[in-house]
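What follows is one structure encoded as structure tokens, with my remarks underneath.
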Amino acid sequence: MKKKTKLQAMRNRYVKRIAVVSDMHVMSDYAVFPDEFVKDSGVSIGPSDGQKILLGFYKDFCRRVDEWECNTVLLAGDLIHGQNPKDRGTGLGSTDLKDQVTALGLLLAPLLKGRTSHWVSGSGYHNSVQGMKVEALVCSSFNDAGPVRHHWHGPIANLLVEPYGIINLTHGGSGAFIYRETAMAREIMFGKVAYASEKLPKIRGYIHGHWHWYCYLSQPDVDFIQMPCFVAYEPITIFTKYYTRFQPDIGAVILLIDGDGKMRVERFLYPAPHIADKVVNL
Ligand SMILES: [Fe+2]
Ligand SMILES: [Fe+2]
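Throughout the sequence shown, residue numbering follows our numbering, covering -6 to 275 in sequence.
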């Protein structure tokens, strides 16, 4: 019999192995982008040097997901960048949403292959156009492509992950730009109040995106994970105002649930490339 590798032995301790990805912002000039991409018009575009770095990190994460043999993927929104109407469509490889859907599909295909997935919608600014949620189309395209099921939940999903408990997956969107840990603690407290008032079941874990910032807050009966992203600093006014605070964390996480219902968070974080804000000679 083949000798078990160390990773195999570790892997077998966990009954659920779940990859979580958020805020890819595909088609932003500052976000992860596929190796080769042909627009709907037939024009080929490829990644910039900074985007190649992000793509390398994303591929590394996908390799880790394969190594851990994750069985499920959670997607926490802002997967495409949308049309950036405030800046009149600048800073994008293509404003055509068909192109954004195709590029996202190319990037997600290796991550979702053979794995079920659960999706929540991202910020309306990035993913909504009149009458449709663009990410939902990508989710349904994966259902059309094969037998594994992919589940679109809209803004919120309460996922029962046995034997851990309920994970609340939403994109998030708190305005607490600076002291974000306070907003996390506040949400945990109100979750407990809602449970005590019998308005909600007990939420054991929260997973949110939106802030492009990694934080893991663990209390005895609840875990809260703020997701990193795959987009570098974007040079827009709202981020420039808090430039130092808005340096992103690049990467994603794998959640490992053992037979006793304990969660271990494996984070994969990478150094953020500076695409819009690289140091230049005087
Ligand atoms: Fe985002
Ligand atoms: Fe967002």
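Virtual Cβ for every residue (Gly too), placed ideally from N, Cα, C. Computed from a predicted model, the values in this text were never measured in an experiment.
Spatially closest choice to residue i from the options, by CA coordinates
i: Val141; options: Ile218, Val154, His111, Leu262; result: His111
i: Ile171; options: Leu152, Arg238, Thr(-2); result: Arg238
i: Met177; options: Gln1, Gly202, Lys192, Leu193; result: Gly202
i: Cys222; options: Leu153, Gln1, Ala2, Val13; result: Val13
i: Val246; options: Val215, Thr230, Leu90, Trp206; result: Trp206
i: Asn136; options: Tyr118, Thr109, Leu48; result: Thr109
i: Lys126; options: Gly107, Lys106, Gln76, Glu60; result: Gln76
Distance between residue j and residue i (C-alpha atoms, nearest Å)
i: Ser21; j: Arg56; result: 24 Å
i: Thr(-2); j: Asp251; result: 19 Å
i: Pro266; j: Thr95; result: 24 Å
i: Cys208; j: Gly82; result: 31 Å
i: Gly147; j: Ala129; result: 8 Å
i: Phe217; j: Leu0; result: 26 Å
i: Asp42; j: Phe30; result: 15 Å
i: Leu153; j: His164; result: 18 Å
i: Pro103; j: Pro264; result: 23 Å
i: Arg179; j: Ser167; result: 11 Å
i: Pro78; j: Lys234; result: 20 Å
Environment of residue i [buried if 16+ CB atoms lie within 10 Å]
i: Asp28; result: exposed
i: Phe183; result: exposed
i: Glu155; result: exposed
i: Gly139; result: exposed
i: Gln212; result: exposed
i: His144; result: exposed
i: Val58; result: buried
i: Asn120; result: buried
Distance CB(residue i)-CB(residue j) smaller than 8 Å
i: Tyr7; j: Ile268; result: no
i: Ile160; j: Gly198; result: yes
i: Asn64; j: Arg10; result: yes
i: Ile149; j: Gly86; result: no
i: His18; j: Asp71; result: yes
i: Tyr157; j: Met220; result: no
i: Gly244; j: Phe26; result: no
i: Glu259; j: Leu210; result: no
i: Ser134; j: Gly107; result: no
i: Tyr51; j: Leu100; result: yes
i: Asp92; j: Val224; result: no
- prompt: At which residue ranges does the stretch 115 to 152 contain complete alpha helix (DSSP H) runs of 4 or more residues, listed in the order of the chain?
  reply: 117 to 120, 127 to 138
field: Any beta strand (DSSP E) of 3 or more consecutive residues that is wholly inside the stretch 37 to 73
entry: 65 to 68
- request: Only counting runs of 4 or more residues, tell me where the alpha helix (DSSP H) segments fall wholly within the stretch 202 to 238, in order along the chain.
  value: Fully enclosed alpha helix (DSSP H) runs of 4 or longer: 230 to 234.
query: Which runs of the beta strand (DSSP E) fall wholly inside the stretch 234 to 264 and span at least 3 residues, in chain order?
result: 243 to 251, 256 to 263
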